[in-house]
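Engineer:
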Amino acid sequence: MRHRPDPTLVALADGRRVALDDVGDHDGSPVLYLHGAPDSRLSRHPDDGLTAAAGVRLLAVDRPGCGRSDADPGRTFATVTDDLVAVLDALEIERAAAIGWSAGAPFAAALAAANPDRITGLGLVAPAVPIDAYDDPAVHDAAGPGRRLFAEMAAEIAPDEVAAEVAPYALPDPADPDLVAAQIEDEGVVDDVPGGLGHLVAATVECVALGRVGLHDEVTAQASRLDFDLASVAAPVTIWCGGRDAVAPPAFAAWWAGHLPGSRLVEVAGAGHHLAYARWTEILRAVTSGVRPQM
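Under our numbering, the residue at position 155 of the sequence shown is numbered 164, and the numbers go up by one with no gaps.
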């Protein structure tokens, strides 16, 4: 098994710690990477050399309760934003871009909405949609039966109650790597990247490194309506989706594009949910087009 260095831990004012991997070109353009669910900071592209070659300093952050970050029960999209700003402050980074993959998309959008003066580019990759989006018939019809059932539950009971029902099934307990690998779709796509599947499995298992509270909170967030205003996003936005993504189908990306005027939508024909692995350099360059390295 490849050795992975321990993450950087940033202490917050309330005593919690946020874990992140600070990789790539330390003198490059800073980019926050927000993972999916169940997931962790490790789900970025496995070759940090590509990140460095793109001139990017990538800050891959574990959300509260995921990976090695301390839990924050009751957290919301907006409160996680506060943690991310604290990370930037601790690292003395004034401005950065942000990438939200899958379930990380609403968190990345929340960060951009709350910090228009600091977030200079936003990338949403294979984006999941908030529960609000299921009011749109196009989203509802495109979602798989499991997601539609999830939306129906969220319409009837509180988000925390939804999580109590759903979270135990989101990841095997214990999180055995072989069982996790069997759950991951599009293995042919990630197999095109050396170490891709193994890396993604490790990222998923890492989600529950400190327990399953964070997984519960991730599902709670997915069942919650947005607590921020998408209209406040001022950064340029690019949205990538795979034409055959069964987890976050193109209708999800179209919903985001419709709620973020001026955004650019890139649909990759034949790609699935893990298209970021094949498009990593393109994604980094797109979100940093307005960010200059800080000297």
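Quick reminder that beta carbons are idealized off the backbone N, C-alpha and C, glycines included.
1. By a C-beta neighbour count over all protein chains shown, 10 Å radius and 16 as the cutoff for buried, is Ile248 buried or exposed?
2. Taking only three categories from DSSP, how would you classify Ala105?
3. Counting beta carbon pairs with one atom in the segment 104–118 and one in the segment 201–212, are three or more of them shorter than 8 angstroms?
4. Please name the residue or residues paired with Cys250 in a DSSP beta bridge.
5. Is it right to say Pro154 is buried, meaning 16 or more other beta carbons lie within 10 angstroms of its own, or is it exposed?
6. Could you spell out where the alpha helix (DSSP H) holding Pro146 opens and where it closes?
7. Have a look at the DSSP bridge pairing and note the partners of Val210.
8. Grouping DSSP H, G and I as helix and E and B as strand, with all else coil, what is Pro39?
9. Around the C-beta of Pro82, are 16 or more other C-beta atoms found within 10 angstroms, so that it is buried, or is it exposed?
10. Taking three-plus beta-carbon pairs below 8 angstroms as touching, is the segment 118–138 in contact with the segment 233–247?
11. What are the boundary residues of the beta strand (DSSP E) that includes Ala69?
12. Which one of Cys216, Pro14, Pro203 has the shortest CA to CA distance from Ala287?
13. Take every Cβ of the segment 244–262, pair it with every Cβ of the segment 216–223, and state whether three or more of those distances are shorter than 8 angstroms.
14. Need the endpoints of the alpha helix (DSSP H) that Thr290 sits in, please.
15. Buried or exposed: Leu51, going by 16 or more other Cβ atoms within 10 Å of its Cβ?
16. Grouping DSSP H, G and I as helix and E and B as strand, with all else coil, what is Ala20?
17. Please work out which residues of its chain come closer than 6 angstroms, Cβ to Cβ, to Trp265, disregarding the five sequence neighbours upstream and downstream, and give them in chain order.
18. From the DSSP output, in three-state form, read off Ala28 for me.
19. Secondary structure at Thr129, three-state DSSP: helix, strand or coil?
20. Val138 by DSSP, collapsed to three states: which one?
21. Could you check the C-alpha separation between Leu68 and Pro146 for me, to the nearest Å?
22. Look at the Cβ atom of Ala172, then the Cβ atom of Thr229, and state whether they are nearer than 7 angstroms.
23. Considering only C-alpha positions, which residue in the set Ile193, Pro177, Ile292 is nearest to Arg273?
24. Candidates Ala28, Leu131, Asp141, Leu180: which alpha carbon is nearest Pro168's?
25. Going by DSSP in three states, Gly76 sits in which element: helix, strand or coil?
26. Could you say which of Gly37, Ser298, Ala257 lies nearest to Ser111 if we only look at CA atoms?
27. Determine the extent of the alpha helix (DSSP H) in which Leu97 is found, giving its start and end residues.
28. Is Val148 near Ala255, with beta carbons less than 7 angstroms apart?
29. If you measure between the beta carbons of Thr213 and Asp30, is that distance less than 7 angstroms?
30. Could you check where the alpha helix (DSSP H) with Ala160 kicks off and where it finishes?
31. What do you get for Asp182, buried or exposed, if any count of 16 or more other CB atoms within 10 angstroms of its CB means buried?
Structural biologist: From the atom records:
1. Ile248 should be labelled buried.
2. Secondary structure of Ala105 (DSSP, three-state): strand.
3. Because the criterion of three Cβ pairs below 8 angstroms is not met, the segment 201–212 and the segment 104–118 do not touch.
4. Looking at the DSSP assignment, Cys250 forms a beta bridge with Glu276.
5. Pro154 comes out exposed.
6. Its alpha helix (DSSP H) spans residues 146–151.
7. In the DSSP output, where bridge partners are listed per residue, Val210 has none listed.
8. In the three-state scheme derived from DSSP, where H, G and I count as helix and E and B as strand, Pro39 is classed as strand.
9. Here Pro82 is exposed: its Cβ has fewer than 16 other Cβ atoms, across all protein chains shown, within 10 Å.
10. Verdict: yes, contact present.
11. Note, Ala69: beta strand (DSSP E), 65–70.
12. Comparing Cα-Cα distances from Ala287 to each of Cys216, Pro14, Pro203, the minimum goes to Pro203.
13. Contact between the segment 244–262 and the segment 216–223 is absent, with fewer than three C-beta pairs closer than 8 angstroms.
14. Counting along the chain, the unbroken alpha helix (DSSP H) around Thr290 starts and ends at 289–296.
15. Buried is the call here.
16. Three-state result, Ala20: strand.
17. Within its own chain, the residues whose Cβ lies closer than 6 angstroms to the Cβ of Trp265, once the five positions on either side in sequence are excluded, are Leu133, Pro136, Ile248, listed in chain order.
18. In the structure shown, Ala28 sits in a strand (DSSP, three-state: E or B).
19. DSSP places Thr129 in strand when its eight states are reduced to three.
20. Three-state result, Val138: coil.
21. Going from the Cα of Leu68 to the Cα of Pro146 covers about 36 angstroms.
22. Remark: C-beta atoms of Ala172 and Thr229 approach each other more closely than 7 angstroms.
23. Comparing Cα positions, the closest option is Ile292.
24. Per the Cα distances, Asp141.
25. Under the three-state reduction of DSSP output, Gly76 falls in the coil class, being neither helix nor strand.
26. Taking only the C-alpha atoms, the option nearest Ser111 is Ala257.
27. Per DSSP, Leu97 is one residue of the alpha helix (DSSP H) stretching across 86–99.
28. Val148 places its beta carbon 7 angstroms or farther from that of Ala255.
29. No. Outside cutoff.
30. Unbroken alpha helix (DSSP H) run through Ala160: 154–165.
31. So Asp182 ends up on the exposed side.
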